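Undergrad: Questions regarding the structure given below will be posed in turn.
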Amino acid sequence: METVDERFHVQCTEEKPQCKRCQRLGLNCVRSLKLVFREDATQRGIRFGREGTWSKNKKNGVALEHARSEMDLATSFRPISLDRYIGRWVFLNFCSDDFDPENTSEDCTGPPDDDDLDDFDNNKAGSVAQLSDASINMHDYDIGTHTLVLSNQGQNYCQEAFSNLQFKCFEHPLASYMEVEGNLLDYFIRGVSPQCSLAPTHNPYLNYVTPLCFHYESVRNAILAAAANQLCILGDSRFQKEAFLYKQRTLTGLREEIAAGNLNEGTLATVLMLCFRDISEGCNPAWATHLRGGLQLVEALKSSSMSSRASQFFMMYFVAHEIMGRTASDKWTENEMTLTWHPDDDLEEVDMTMGCSRGLMTHIDRISFLARSKSNILKERLLTPEEKEYFSKEVIAIKNSLLNLDQRLPTHSAGREDLMRIAETKRLATLLYLHERFLTLDSSEIDDSGSPAEKIASQATRTVPASSKRHIVQSLINLISALPDNATLLWPLYILGNADLDDEEHRRFVLDRLENIEKTRNLGSVRLARLAVQNAFRRRDLRHPRGRVWGNEKIGLISLA
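Here the sequence shown stands for residues 1 to 561, where the numbers follow the UniProt record's numbering.
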């Protein structure tokens, strides 16, 4: 008995450009591979294996009918673009017949058309599904329970069917960009942005900044520069060239927009991402320039048509970084603009990027302004009685406000104890900051006039006792110990490090936590803060003749937000 080679039990003998079998039978040689789910194929009458489009035993024309149904499937299939639905919630309607393999009615089977998809937003019934870019592969198309996977061998099979499409299909949203750009954008979306918000579902970098990069080239270049720079500081030198290239393109595009007077939300997002990059690189002098420029742009675009939510985030970013940066030292210029919040802001609500309320940051800014004003006066002369009374009353008012400050979590994060710990940590750090900036107030600087209640408050806050300071320090350390290493703890640790700590264990705790935070992302701002704290410890141990000068003026403005 002659042995038949199993390699020839295939439809195509794979000779190029035309196989011998197709040449002998006069057929068009097409190498295609079509993958479908077994249940889907059974429902559509498609057979597998040797019961396919050709068989020696044709019974009642079944094989021919299957072949025709398969060709009809290829010609009638119309893919739907998912570009409009990526990142949005849509409603998908199902009925029990959709899961019945014997049902062939047109009402419940088959892929939906454009009109059906347009009605999804108005339909209030059915199951809910979210189409996200993370669920779509470069060559996968997923809708409902039907999945079609295209391979290189199936491109010829579907080329004619897709030739009339006016939109991109079967593509990831980043597929239209070059490989390097797509990788950097994907890294920013998946690797960088999630670390910038305390609430995964309410991330302004993903909700407001990232969508703008698809409309404004300068925003996209700024994001690419920030992502490439983040990889470089983490030790990946492959994108070092791109980090400088895209930054240069960003600056060039930004100058052109400003020169043309074409200012919009894309301009704000571009400046924000330039600040973002400068902070991660080490808070170079360009950071302060971009920060002040962002504040001016916010004022100029207050009456623009950008969404209220985006406007709130942009204003919060620049104002918050200015406020927290001022606490690093007294080295900031006199003619600073007045910092205000957005009219729609809730001052008691905890912000998910800052970890505290805007009301608390307002108190922090007031402390910095008063302390700097008093320091400038003392450089020239002693305080007058009127000035002593003014500063004393202001300090008392701020402290009483901090003791009774209410910080409320947003509704989407209600009940999260870690966020409440972070907010409380920053409130206690603000009390410690107030004490350290006005420690030199003695009994002669407190006005004893006023009501009995004011006198009691004055005596209680004349100089915070050491026991109260120790209580605040210990409470801060206990709260921080229960929290993970996150950049949002940078400011409380910086205040602790500059509070003249005598306990060696407390010092070691502050330095260890700063080093751990630095290891997570190697941010330049964290590195500068750690160096400033080490210098503060050194001055304390050596009893430096500079006395009690707050911060380190040599380091300058540090992003502590």
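Heads up, the beta-carbon is just placed ideally off N, CA and C, and yes, glycines get one too. Computed from a predicted structure; not experimentally measured.
What does the alpha-carbon distance come out to for the pair S193 and L528?
TA: About 22 Å.
Undergrad: What number of angstroms, rounded off, separates the C-alpha of Q18 from the C-alpha of L263?
TA: Within the model, the alpha-carbon separation for Q18 versus L263 is close to 60 Å.
Undergrad: Nearest-angstrom Cα distance between I258 and E394?
TA: 41 Å
Undergrad: How many Å lie between W550 and D186 at the Cα?
TA: Looking at the two C-alpha atoms, the distance is approximately 41 Å.
Undergrad: Looking at the unbroken alpha helix (DSSP H) that takes in R255, where does it start and where does it end?
TA: From DSSP, the alpha helix (DSSP H) with R255 extends over 240-260.
Undergrad: Can you tell me the Cα-Cα spacing of R277 and E380, whole angstroms?
TA: 39 Å
Undergrad: How big is the Cα-Cα spacing for I398 and L432?
TA: 12 Å
Undergrad: Using DSSP bridges, identify the partner residues of R408.
TA: E349
Undergrad: Under the three-state reduction of DSSP, which class applies to G144: helix, strand or coil?
TA: In this prediction, G144 has a pLDDT of 33, which is less than 50 and means its spatial position is unreliable; what the coordinates show is noted afterwards. Reduced to three states, the DSSP call for G144 is coil.
Undergrad: If you scan the region 491-525 from start to end, which runs of the alpha helix (DSSP H) of 4 or more residues do you find wholly inside it?
TA: 504-521
Undergrad: Can a CB atom of chain B be found closer than 8 Å to the CB of C213?
TA: Here chain B cannot be found, since the structure has a single protein chain.
Undergrad: Here's the rule: buried if 16 or more other CB atoms are within 10 angstroms of the residue's CB, otherwise exposed. What is P285?
TA: The residue in question, P285, is exposed, as its Cβ has fewer than 16 Cβ neighbours within 10 Å.
Undergrad: Can you tell which of A41, F244, T430 has its C-alpha closest to the C-alpha of S368?
TA: T430
Undergrad: Let me check one thing: in DSSP terms, what residues is L176 bridge-paired to?
TA: The displayed chain sequence assigns Ser, not Leu, to residue 176. Bridge partners of S176: none, in fact.
Undergrad: Just mark S451 as buried or exposed, buried being the case when its beta carbon has 16 or more other beta carbons within 10 Å.
TA: Confidence is the limiting factor: at S451 the pLDDT is only 36, short of 50, which leaves the residue's position unreliable and the question unanswerable from this model.
Undergrad: Suppose you measure from the CA of R372 to the CA of P211; what does that come to, to the nearest Å?
TA: 40 Å
Undergrad: Suppose the cutoff is 7 Å on Cβ atoms and the five residues either side in sequence are ignored; what does the same chain contact list for I323 look like?
TA: L339, M361, I364, D365
Undergrad: Note down the Cα distance separating Q159 from A269, rounded to an integer number of angstroms.
TA: Because the pLDDT at Q159 is just 44, under 50, the model does not fix this residue reliably, and the value given afterwards should be weighed accordingly. About 40 Å.
Undergrad: Compare the Cα-Cα distances from Q407 to each of P385, I377, V350 and report the closest residue.
TA: From the listed residues P385, I377, V350, the smallest Cα separation to Q407 is found for V350.
Undergrad: Short check: CB of L511 to CB of P492, under 8 Å?
TA: no
Undergrad: DSSP three-state label for S193, please.
TA: helix
Undergrad: Note the first and the last residue of the continuous alpha helix (DSSP H) segment covering E265.
TA: 265-281
Undergrad: When you compare the CB positions of G293 and H215, do they come within less than 8 Å of one another, or not?
TA: The answer is no: Cβ separation not under 8 Å.
Undergrad: With L224 and L184 assumed to form a contact (beta carbons below 8 Å), what rounded beta-carbon distance in angstroms separates them?
TA: About 5 Å separates the CB atoms of L224 and L184; that is less than 8 Å, so the two are in contact.
Undergrad: Tell me where the alpha helix (DSSP H) around G359 begins and ends.
TA: 358-380
Undergrad: Comparing C-alpha positions only, which one of N535, Q534, R539, L523 sits nearest to L560?
TA: L523
Undergrad: Does S303 come out as helix, strand or coil in the three-state DSSP assignment?
TA: coil
Undergrad: I'd like the list of long-range same chain contacts for P204, defined as Cβ closer than 6 Å, with 5 residues on each side in sequence excluded.
TA: F313
Undergrad: Do I558 and G325 have their beta-carbon atoms positioned less than 8 Å apart in this structure?
TA: yes
Undergrad: Between the region 419-430 and the region 476-488, can you find at least three pairs of beta-carbon atoms closer than 8 Å?
TA: Flag = yes, the region 476-488 and the region 419-430 touch.
Undergrad: Would you report the Cα separation of F537 and E515, rounded to the nearest angstrom?
TA: 16 Å
Undergrad: Measure the CB-CB distance between I279 and S525 and report whether it falls below 8 Å.
TA: yes
Undergrad: Buried or exposed for R437, going by 16 or more other Cβ atoms inside 10 Å?
TA: buried
Undergrad: Can you find the residues in the same chain that come closer than 7 Å, C-beta to C-beta, to A288, ignoring five residues on each side of it along the sequence?
TA: The residues are L557.
Undergrad: Would you decide whether E386 is buried or exposed? Buried here means 16 or more other CB atoms lie within 10 Å of its CB.
TA: Looking at its Cβ environment, which holds fewer than 16 other Cβ atoms inside 10 Å, E386 is exposed.
Undergrad: Near S218, which residues of its chain fall below 7 Å by C-beta distance, leaving aside the five closest residues on each side in sequence?
TA: T250, G253, L254, E257, G266, T270
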